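Peer 1: I have a structure I would like to understand better, so I am pasting it below and will then ask my questions one at a time.
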């Protein structure tokens, strides 16, 4: 209760100072229903990322307790395939990202086992594997094909639910969730897959709370983060470091508030962004799309 009160007061100060405003509607349109998920297996979607090798499709996964698998959806929310990660466990998978990795000119999927509601786990894991091309069928990624990036935070155990990758540097970034003002951590490339890492804290006390999802555009120029009620947007103008960019005032984007919305992803081609809800309050999981109003700026 005290954390929520502190955040409310901080948020009130920001609004009073004019730092946050109504959602800006001249960049992206209001959201439209792209589709209702047709698979009952996807009931706690907790992360989403645009596929690079399967154009126009999206990766997602369930929250803690599900089997070690991710799902491929089309742009209408229809389930196209399941990928099983052999030898891994879904302790608390909270977000997913797609981007570059060790092998040049290849794309990788990064699954973040980073959730920790009770802040009791010393180590977190990110599973990395080559992104498969799957036209219609399921597949299994064998144990030896999955890299396990084991790490802990430098300031103790914390719950985290948002993961993203810098497409230029291959650095991984993780936001904490439950503080009145969250932190941002970095796992610099090349991430070790043989020894545990200690993440670097790059920003402390960002003026946001309950951050549940994040995404970095494929061209490296735009960043989205979201909580349960808002979507925040930044655009890089001069390739400034993320630590500097996220200190600047974000733009609030249109968002149709979902009963349990914990996923966000840019469209791979930059045509807009998607959000995806869990099944909650009797509402089936729905895929929403927010179309860009202006041409993508190069």
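Numbering (our numbering), first residue to last: 2 to 299.
No residue lacks a Cβ here, since even glycine has one placed at the ideal position from N, Cα and C.
Remember, it's a predicted structure, so these values are computed and weren't measured experimentally.
Using DSSP with H/G/I as helix, E/B as strand and the rest coil, what is residue 77?
Peer 2: coil
Peer 1: Quick check on the burial criterion: 16 or more other C-beta atoms within 10 angstroms. Buried or exposed for residue 283?
Peer 2: exposed
Peer 1: Over what stretch of residues does the beta strand (DSSP E) that includes residue 247 continue unbroken?
Peer 2: Where residue 247 is concerned, there is no enclosing beta strand (DSSP E), given that its DSSP letter is neither H nor E.
Peer 1: Residues bridged to residue 62 by DSSP?
Peer 2: 48
Peer 1: In this structure, how does DSSP classify residue 34 when only helix, strand and coil are distinguished?
Peer 2: The answer is strand: DSSP assigns residue 34 an E or B state.
Peer 1: Would you kindly work out how many angstroms separate the C-alpha atoms of residue 93 and residue 120, rounded to a whole number?
Peer 2: 12 Å
Peer 1: Please list, in chain order, all residues of the same chain as residue 98 whose beta carbon is under 6 Å from its beta carbon, the five residues on each side excluded.
Peer 2: 50, 111, 164, 165 and 166
Peer 1: What does the alpha-carbon distance come out to for the pair residue 52 and residue 100?
Peer 2: 9 Å
Peer 1: If you follow the beta strand (DSSP E) that residue 96 is in, where does it begin and where does it stop?
Peer 2: First-last of the beta strand (DSSP E) with residue 96: 96 to 101.
Peer 1: In the structure shown, what three-state DSSP assignment does residue 144 receive?
Peer 2: helix
Peer 1: Can you look up residue 43 in the DSSP assignment and give me helix, strand or coil?
Peer 2: coil
Peer 1: Output needed for residue 105: all residues of its chain with C-beta closer than 6 Å, excluding positions within five of it in sequence on either side, in chain order.
Peer 2: none
Peer 1: Beta strand (DSSP E) containing residue 262: first to last residue?
Peer 2: 262 to 267
Peer 1: Determine the burial state of residue 212: buried for a count of at least 16 other Cβ atoms within 10 Å of its Cβ, exposed for fewer.
Peer 2: buried
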